[in-house]
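A.B. asks: Residue numbers (this note's numbering), protein chains in the order written: chain U, 8 to 128; chain S, 2 to 135.
1) Of all Cβ atoms in chain U, is any one closer than 7 Å to the Cβ of residue 135 (chain S)?
2) Which whole-angstrom value is the C-beta distance of residue 13 (chain S) and residue 45 (chain S), which I expect to be below 8 Å?
3) Excluding the five sequence neighbours on either side, which residues of its own chain have a C-beta within less than 6 Å of the C-beta of residue 6 (chain S), listed in chain order?
4) What's the C-alpha gap between residue 75 (chain S) and residue 89 (chain S)?
5) Pop quiz: residue 26 (chain U) and residue 39 (chain U) are said to be a contact at Cβ under 8 Å. What is the actual Cβ separation, rounded to whole angstroms?
6) Considering only residues of the segment 90-114 of chain U, which uninterrupted alpha helix (DSSP H) runs meet the minimum length of 4 residues and lie entirely inside it, listed in chain order?
7) Measuring straight from C-alpha to C-alpha, what distance separates residue 28 (chain U) and residue 41 (chain S)?
8) Can you tell me which of the three DSSP states residue 125 (chain S) falls into?
9) Relative to the alpha-carbon of residue 84 (chain U), which residue among U:107, U:112, U:69 has its alpha-carbon at the smallest distance?
10) Considering only residues of the segment 41-71 of chain S, which uninterrupted alpha helix (DSSP H) runs meet the minimum length of 4 residues and lie entirely inside it, listed in chain order?
11) Given that residue 102 (chain U) touches chain S, what residues does it touch there, using C-beta distances under 7 Å?
12) DSSP state of residue 91 (chain S), grouped into three classes?
13) Quick check: residue 97 (chain U) and residue 75 (chain U), are their CB atoms within less than 7 Å of each other?
14) Given a cut-off of 7 Å, decide if residue 41 (chain U) and residue 106 (chain U) are closer than it, judged by their beta-carbon atoms.
15) If contact means a Cβ-Cβ distance below 7 Å, which residues of the segment 89-100 of chain U contact chain S?
16) Check whether the segment 63-78 of chain U and the segment 25-37 of chain S are in contact - that is, three or more C-beta pairs closer than 8 Å.
17) Whose C-alpha, out of S:9, S:85, S:2, S:110, is nearest the C-alpha of residue 53 (chain S)?
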């Protein structure tokens with residue numbers, strides 16, 4: 008689906024329904040939604056106003072691919088950025104990394120794609 | 002998607018948050034908290050009706066907490082539910098921010114810390130913030 012910031016609640020609803028139907032446990036589906044929401048938020052906030060989400064099952068895992076057509080600093084950085092005080096934000100990528108089984112960033116000048124992986128039970 | 006209201010409870014301004022705390026509602030929440038903070042340096046956020054919270058809004062909460070602490074005020078979180086407010090636990094901030102199960106407990110804990118002048122205190126002050134994961 009294509010989405011803008013206004014669609015974030017829809018992104019979360021779609022993701023939780025999809026994750027549950029794909030066979031994720033309740034806990035894993037909750038975490039997957041948190042990760043997708045954080046990356047989708049980064050995409051529309053720091054990347055481009057319009058972004059896209061694709062969900063698919065591959066090799067016993069649920070994959071979410073979030074693409075935007077911009078460049079966000081945290082994704083382009085060659086090394087992890089230094090930790091900032093919590094009130095300055097920037098926790099989203101770290102949280103997504105923590106709760107998912109895998110996270111891959113493909114950042115080019117044409118845009119950013121983040122792939123999230125969550126094992127199915 | 003977000004409903005905000007505030008009321009006075011003893012020395013506290015209680016900000017009641019109902020709905021989603023995300024990118025869409027973040028500025029609205031931040032502005033409401035700024036007003037509450039300017040009105041009173043003792044603030045409780047009633048989070049029992051939060052249906053989702055992202056890390057951006059958690060950052061807003063931490064920002065107001067730190068500003069209140071700097072001014073000798075306080076910010077207490079009351080009643081956050083584990084599933085919708087899981088960002089609190091994932092980031093570990095649930096173990097740093099003052100957190101109580103309900104507004105009543107938060108208010109009671111404050112009364113235990115600052116009893117009216119002349120009241121003898123027979124129980125240890127403070128109360129124990131609830132930190133366990135459900």
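Backbone N, C-alpha and C define an ideal beta-carbon position, used for all residues, glycine too.
C.D. replies: Considering the structure as presented:
1) With a pLDDT of 48 at residue 135 (chain S), under the threshold of 50, the modelled position of that residue is not reliable, and no figure is offered here.
2) 5 Å
3) 17
4) 18 Å
5) 5 Å
6) 99-106
7) 47 Å
8) Residue placement at residue 125 (chain S) is poorly supported in this model, since its pLDDT is 48, which falls under 50; the coordinates are not used for a value here.
9) U:112
10) 56-71
11) 56, 88, 91, 92
12) helix
13) no
14) yes
15) 93, 94, 95, 96, 98, 99
16) no
17) S:85
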